[in-house]
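Note sheet for the following structure.
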Amino acid sequence: GEPPGRMAPALLELLDFCVGLLLFLPLCTATWRLLQGSLNFDPGKWPMVKRALSFLSTSIILTCSSVFRMLALFNYCAVILECVSLCVLHDPQYSLAFYLSLSCTIGLACQLKWSVVSPRPAMELMEIWLIATLQCTLLMTSRSDFGLALMWFNYGIAKFGLCAWSFHLLTNVECAREFFHLIFNPSQSFSDIENQSLRRKGVAAVVICVVLWRGWEVCNLHPWTNTFKNDGRYLSIQARSSFESAKAAHRAEMYYLSQLPHIEASINNFTLHPYFTKTEVWAGIRLEDIIIQRAKSFTLQFDTTGATGYKIEKDKCYMLNFLAAHRIEIPEIIGIYKDREVFFKRLVELKASMNTTKYPIFAKACHLTQGGDKGTTIVNSASRLTMELFPWAEQKWDQVARDDNRPWSENMNRLLANLEPGIALQRKFDGFRLSPNHTPLEVKVEVVWGRAYLGLFADFHDIVALRDGTFEFTDRTRYSPDHYTVGNHPDTRLLWLQDEGHMRSVWALAESVARAIGVGELRVDIFIDPVRPAHPAVNEISLCSGHNYFFHSTYLAEAWAGPLLAGKYNQEKARSGLNSGWIGESTIKNLKNTAGRIWKAPRVRNTTKEVWEI
Numbered sequence: 001g002e003p004p005g006r007m008a009p010a011l012l013e014l015l016d017f018c019v020g021l022l023l024f025l026p027l028c029t030a031t032w033r034l035l036q037g038s039l040n041f042d043p044g045k046w047p048m049v050k051r052a053l054s055f056l057s058t059s060i061i062l063t064c065s066s067v068f069r070m071l072a073l074f075n076y077c078a079v080i081l082e083c084v085s086l087c088v089l090h091d092p093q094y095s096l097a098f099y100l101s102l103s104c105t106i107g108l109a110c111q112l113k114w115s116v117v118s119p120r121p122a123m124e125l126m127e128i129w130l131i132a133t134l135q136c137t138l139l140m141t142s143r144s145d146f147g148l149a150l151m152w153f154n155y156g157i158a159k160f161g162l163c164a165w166s167f168h169l170l171t172n173v174e175c176a177r178e179f180f181h182l183i184f185n186p187s188q189s190f191s192d193i194e195n196q197s198l199r200r201k202g203v204a205a206v207v208i209c210v211v212l213w214r215g216w217e218v219c220n221l222h223p224w225t226n227t228f229k230n231d232g233r234y235l236s237i238q239a240r241s242s243f244e245s246a247k248a249a250h251r252a253e254m255y256y257l258s259q260l261p262h263i264e265a266s267i268n269n270f271t272l273h274p275y276f277t278k279t280e281v282w283a284g285i286r287l288e289d290i291i292i293q294r295a296k297s298f299t300l301q302f303d304t305t306g307a308t309g310y311k312i313e314k315d316k317c318y319m320l321n322f323l324a325a326h327r328i329e330i331p332e333i334i335g336i337y338k339d340r341e342v343f344f345k346r347l348v349e350l351k352a353s354m355n356t357t358k359y360p361i362f363a364k365a366c367h368l369t370q371g372g373d374k375g376t377t378i379v380n381s382a383s384r385l386t387m388e389l390f391p392w393a394e395q396k397w398d399q400v401a402r403d404d405n406r407p408w409s410e411n412m413n414r415l416l417a418n419l420e421p422g423i424a425l426q427r428k429f430d431g432f433r434l435s436p437n438h439t440p441l442e443v444k445v446e447v448v449w450g451r452a453y454l455g456l457f458a459d460f461h462d463i464v465a466l467r468d469g470t471f472e473f474t475d476r477t478r479y480s481p482d483h484y485t486v487g488n489h490p491d492t493r494l495l496w497l498q499d500e501g502h503m504r505s506v507w508a509l510a511e512s513v514a515r516a517i518g519v520g521e522l523r524v525d526i527f528i529d530p531v532r533p534a535h536p537a538v539n540e541i542s543l544c545s546g547h548n549y550f551f552h553s554t555y556l557a558e559a560w561a562g563p564l565l566a567g568k569y570n571q572e573k574a575r576s577g578l579n580s581g582w583i584g585e586s587t588i589k590n591l592k593n594t595a596g597r598i599w600k601a602p603r604v605r606n607t608t609k610e611v612w613e614i
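Terminal number for the sequence shown in UniProt numbering: 614, no gaps in between.
Structural data, given as structure tokens:
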């Protein structure tokens, strides 16, 4: 069926529209004066209208002031709690805790001042807005999930505060009289208006602050790369408040229902490595939370049993060895080195054999898997081998991996600190550079229970390839440059990949990787050769993907968590000795998927080997 009828614009779009309107008001005033010069309207002749406007304005401002005062007090208490948490993290952030504490002290002092001094709503709202914006900027660097959630809370306070403060400046008793007098009695000259400077200051202050706010968003919020920008909790709001988002959500649900039978069939032929059975899940869990729980399970197993299965992703040396041993197609490996001296000796040998060595050569620091670590470099000739690769390798060998600005950073950074450095040398992937960045065409494939679900082309502004042969292009308007999602629509630029059989090979390759590892959910990054549809190659894999899959995220989470919940139920049933045929009503509800069928638990491998062991 079709999605619900046309709904109101998204709340955030409406707020942005209001902010833009505030910028437009001075221009509207001047235009009205010019076009309606003969109009002679005196608001004093309409006392009921004047009283109604005054009452409405006063009521809104008093309500906003009270609400924001309570929100600000709650926020300061929450931020102080976060400051304490930052000091007791495994990797403490003392500097951030100090500055957040200082901002809370200033905020509480301002609140105390307005409790003993006659309140001035405009000043109070402005102070709350400025402090919320400052704390929002500071909290962007937090490495805790609560801190990142507080960042969004402060963002909301700041945005609503700006609108309320601007409304007050334009509608308080004095400004309102002068503003409406100017509009409805334009025959009167500017010099005849009383307290002209007050009106001008009010409008100028609004314009300046709106411009500063938009500048802050462009310089701070939009470039901020963090998974919480794509928090699944906002998807349901989007689907209920935006027509385009509602259509996208509906298409995602219909696609999921079409793929469910394939996922269920794949589970029957899938074996799960015991390392991945420890992830704690619950009914309705979000995709981001499952990844957080997966990272926690990795840390717990490392602390209790010393298990290092996470190295299948976080150590490229282990990953490449594993893929090569399972005959999974990857760019040719020249060598993998865990000993620094052996590696540098090999570089000298490669330079000496310049006539037989093919270039370019890619060097990958095995322990630096995050994009921000810049763990990959390219050498195009023998002359540059020692000139560029030697100093690069010296620096990267001693660099400690980090996975910051993620909800799972605290757990993952503990694991990354235990990686042994190493470097792998690989040949280049044979394939035309078709992406906008002049790199090999790459697709990031999400696999759940051995079934490839979708592929994301990040270099093409997040075109999403689906198993039904369609491609979706995510429409990012100026209302959603990076921080929230709107609708999407079909895209044909990469349709040739489906028509020429490339995607069939991509899906099969991604599924073979996930099945070889025995992992319920995996992102497989695959290079595509435009002239060889049957020969894609794996670039890397990810167990903790920070990519945004928009309205597909909810269904990916359900497909991943459902079989894990079924396995958890089977374990509890075995421990408690319940009758094998007994199942409670609440349990049935939790184990059902969107189609109303009960998930099956995957078979667990009978092995004591590490995930990466060959």
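Where a beta carbon is used, it is the ideal one built from N, C-alpha and C, also for glycine.
For this session: Quick one: measure Cβ to Cβ for residue 135 and residue 88, integer angstroms, because I've assumed they're closer than 8 Å.
Result: Actually they are not in contact, since the Cβ atoms of residue 135 and residue 88 sit about 20 Å apart, beyond 8 Å.
For this session: Measure the C-alpha to C-alpha separation of residue 370 and residue 140 and round it to an integer number of angstroms.
Result: 18 Å
Exercise. What's the gap between the Cα of residue 409 and the Cα of residue 298?
Worked result: Straight through space, the alpha carbons of residue 298 and residue 409 are spaced by roughly 12 Å.
Problem set entry | When 158, 343, 153 are compared against residue 124, the one with the closest alpha-carbon | 158
For this session: Could you give the DSSP three-state label for residue 442: helix, strand or coil?
Result: strand
Exercise. Where do the N-terminal and C-terminal ends of the alpha helix (DSSP H) with residue 345 fall, by residue?
Worked result: Note, residue 345: alpha helix (DSSP H), 340–352.
For this session: List the endpoints of the continuous beta strand (DSSP E) containing residue 304.
Result: Not the beta strand (DSSP E): residue 304 falls in the alpha helix (DSSP H), residues 287–305.
Problem set entry | beta-carbon residue 292 near the ligand NAD non-hydrogen atom, thresh 7 Å | For the structure depicted, the ligand NAD is absent and the ligand set is empty, with no information on it obtainable.
Exercise. Would you say residue 441 and residue 528 are within 8 Å of each other, going by their C-beta atoms?
Worked result: yes
Problem set entry | Pairwise C-alpha distance: residue 399 and residue 471 | 39 Å
Exercise. Which parts of the region 495–567 are runs of the alpha helix (DSSP H), unbroken and 4 residues or longer, counting only runs that do not cross its ends?
Worked result: 495–499, 502–517
For this session: Output the boundary residues of the alpha helix (DSSP H) element that contains residue 414.
Result: 409–416
Problem set entry | Between the CA atoms of residue 308 and residue 66 - distance to the nearest angstrom | 53 Å
Problem set entry | CA nearest to the CA of residue 611, picked from 310, 596, 256, 255 | 310
Exercise. What three-state label does DSSP hand residue 605 in the structure shown?
Worked result: Note: residue 605 maps to coil in three-state DSSP.
Exercise. What span of residues does the beta strand (DSSP E) with residue 454 cover, start to end?
Worked result: Residue range 451–457 is occupied by the beta strand (DSSP E) that includes residue 454.
Exercise. Considering only C-alpha positions, which residue in the set 266, 345, 281, 95 is nearest to residue 568?
Worked result: Closest option to residue 568, Cα to Cα, is 281.
Problem set entry | the region 383–403 / the region 263–273 touching (three or more Cβ pairs under 8 Å) | No contact exists between the region 383–403 and the region 263–273.
For this session: Could you say if the region 322–337 and the region 510–518 meet the contact criterion of at least three C-beta pairs nearer than 8 Å?
Result: yes
Problem set entry | Closest by C-alpha distance to residue 468, when choosing among 85, 564, 259 | Checked all of 85, 564, 259; the closest Cα to residue 468 is 259.
For this session: Counting only the same chain and skipping the five closest in sequence on each side, list residues whose C-beta sits under 8 Å from that of residue 420.
Result: 315, 338, 367
For this session: Give the range of the beta strand (DSSP E) segment to which residue 362 is assigned.
Result: 361–365
Problem set entry | Cβ-Cβ distance between residue 445 and residue 379 below 8 Å | no
Exercise. Can you tell me the Cα-Cα spacing of residue 486 and residue 552, whole angstroms?
Worked result: Because the pLDDT of residue 486 is 48, which lies under 50, any placement of that residue in the model is unreliable, and the number read from its coordinates should be weighed accordingly. Computed Cα separation, rounded: 13 Å.
Exercise. Where do the N-terminal and C-terminal ends of the beta strand (DSSP E) with residue 465 fall, by residue?
Worked result: 463–466
Exercise. Taking the alpha-carbon positions, what's the residue 85 to residue 102 distance?
Worked result: 16 Å
Exercise. Taking Cβ positions, are residue 531 and residue 323 nearer each other than 8 Å?
Worked result: The beta carbons of residue 531 and residue 323 sit no closer together than 8 Å.
Problem set entry | Integer-rounded CB distance, given that residue 533 should sit under 8 Å from residue 509 | Actually they are not in contact, since the Cβ atoms of residue 509 and residue 533 sit about 12 Å apart, beyond 8 Å.
For this session: Taking residue 263 as part of the beta strand (DSSP E), name the residues at either end of that continuous run.
Result: Counting along the chain, residue 263 falls outside any beta strand (DSSP E), though it belongs to the alpha helix (DSSP H) covering 243–268.
For this session: Measure from the alpha carbon of residue 396 to the alpha carbon of each residue in 343, 275, 504, then state which is nearest.
Result: For the residues 343, 275, 504, the minimum Cα distance to residue 396 belongs to 343.
For this session: Use the C-beta contact count for residue 502: other C-beta atoms within 10 angstroms, 16 or more gives buried, fewer gives exposed.
Result: buried
Exercise. Less than 8 Å separating the beta-carbons of residue 431 and residue 443?
Worked result: The Cβ-Cβ distance between residue 431 and residue 443 does not fall below 8 Å.
Problem set entry | CB contact check: residue 591 to chain D, cutoff 8 Å | The chain inventory of the structure shown lacks chain D, comprising one protein chain alone.
For this session: Leaving out five residues on either side along the sequence, give the residues of the same chain with a beta carbon under 6 Å from the beta carbon of residue 392.
Result: 377
Problem set entry | Rounded separation between residue 438 and residue 496 - CA only | The C-alpha of residue 496 is placed about 19 Å away from the C-alpha of residue 438.
Exercise. So the alpha helix (DSSP H) residue 318 belongs to, where does it begin and stop?
Worked result: 316–325
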